[in-house]
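Start counting the sequence shown at 877; every next residue gets the next number (the working numbering). In what follows, a single structure is set out as structure tokens and then discussed.
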Amino acid sequence: MELPLLIGITGGIGSGKSMVCRLFECLDIPVYYADSRAKWLTNYDPEIREKVTHLLGPDAYDDEGRYDTRFVASRVFGNEPLLKQLNTIIHPVVLRDTKEWLMANAGLPYVAKEAAIMGKAGQANSVDYVVMVDAPVELRIQRILQRDKRSEQEIRAIIERQISDESRRGISDFIVQNDNDSELIPQVLRLHEIFKKGRTSVS
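Structure representation (structure tokens):
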């Protein structure tokens, strides 16, 4: 069984990576949304629930059985060893889930995976190539101000905590410019033509 190419799509908050993913979906390309899927698995996967509860105590889940992100954040904030233990619980399950999803899409030339945090292709992840969605920081801030109920100060703090755009460019095989001067659809169509030909087409 030949698995499809797995294309990682990443970018900072407000870069427009979700929009790029929706364009790929319009081309009938399945997209695995890693961050939202990780949240779902953290809530419903019995292995994660058991291990997280053992690590952080019963308060890691609220009275209705939902993952209490505020409680967990208060426990792991500033506690790097504890955060690493938590990631060691969640990340392998997400990786396994990704592989099962990939197998379910066998026969397609390629599929995509969206994630805010991503390593270089083949570096402790399952992606074959990384596409970065790039946009100027000030434009990203304006987009988020229009989209979310967050202050500019909060947004800048989030951007500061994320890895730098320079670091993202360093791990990327392709870059999609999502500024006000570059047309998004032609860039996605160009990548689609490259990826749908399979591994032999990507140099």
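For every residue, glycine included, the Cβ atom is placed at its ideal position computed from N, Cα and C.
Start and end residues, alpha helix (DSSP H) containing residue i
{"i": "Leu1067", "result": "Leu1060 to Phe1071"}
{"i": "Ile965", "result": "Glu956 to Ala980"}
Residue i: first and last residue of the uninterrupted beta strand (DSSP E) it sits in
{"i": "Glu990", "result": "Tyr986 to Glu990"}
{"i": "Ile883", "result": "Leu881 to Thr886"}
Beta-carbon proximity of residue i to residue j, cut-off 7 Å
{"i": "Ala1033", "j": "Phe900", "result": "no"}
{"i": "Ala936", "j": "Val952", "result": "no"}
{"i": "Ile965", "j": "Val1003", "result": "no"}
{"i": "Asn1054", "j": "Gly892", "result": "yes"}
{"i": "Ile1031", "j": "Ile1017", "result": "yes"}
{"i": "Glu990", "j": "Val907", "result": "yes"}
{"i": "Gln961", "j": "Leu931", "result": "yes"}
{"i": "Asn970", "j": "Ile924", "result": "It is Val, not Asn, that sits at residue 970 in the sequence shown. Cβ distance not < 7 Å, so Val970 and Ile924 don't count as in contact."}
{"i": "Ala997", "j": "Tyr986", "result": "no"}
Classification of residue i by the beta-carbon crowding that lies within 10 angstroms, buried from 16 upward
{"i": "Asp1041", "result": "buried"}
{"i": "Ile1061", "result": "exposed"}
{"i": "Thr945", "result": "exposed"}
{"i": "His1068", "result": "buried"}
{"i": "Cys897", "result": "buried"}
{"i": "Arg1044", "result": "buried"}
{"i": "Met877", "result": "exposed"}
{"i": "Ile993", "result": "exposed"}
{"i": "Ala910", "result": "buried"}
{"i": "Ala914", "result": "buried"}
Any non-hydrogen atom of the ligand SAH closer than 6 Å to residue i Cβ
{"i": "Leu984", "result": "Questions concerning the ligand SAH fall outside what the structure shown contains, since it holds no ligand whatsoever."}
Residue ranges of each beta strand (DSSP E) within the region 899 to 953, 3 or longer: Counting whole runs of 3 or more residues, the region 899 to 953 contains the beta strand (DSSP E) stretches 907 to 909.
Length-filtered (4 minimum) alpha helix (DSSP H) runs lying within the region 997 to 1051: Runs of the alpha helix (DSSP H) lying entirely within the region 997 to 1051 and spanning at least 4 residues, in chain order: 1013 to 1023, 1028 to 1037 and 1041 to 1047.
Touching by the beta-carbon criterion (3+ pairs, under 8 Å), the region 972 to 986 and the region 877 to 892: Short answer: they touch.
The region 1007 to 1023 touching the region 885 to 892, judged by at least three CB pairs closer than 8 Å: Short answer: they touch.
Any 3 or more C-beta pairs closer than 8 Å across the region 1046 to 1059 and the region 913 to 930: Short answer: they don't touch.
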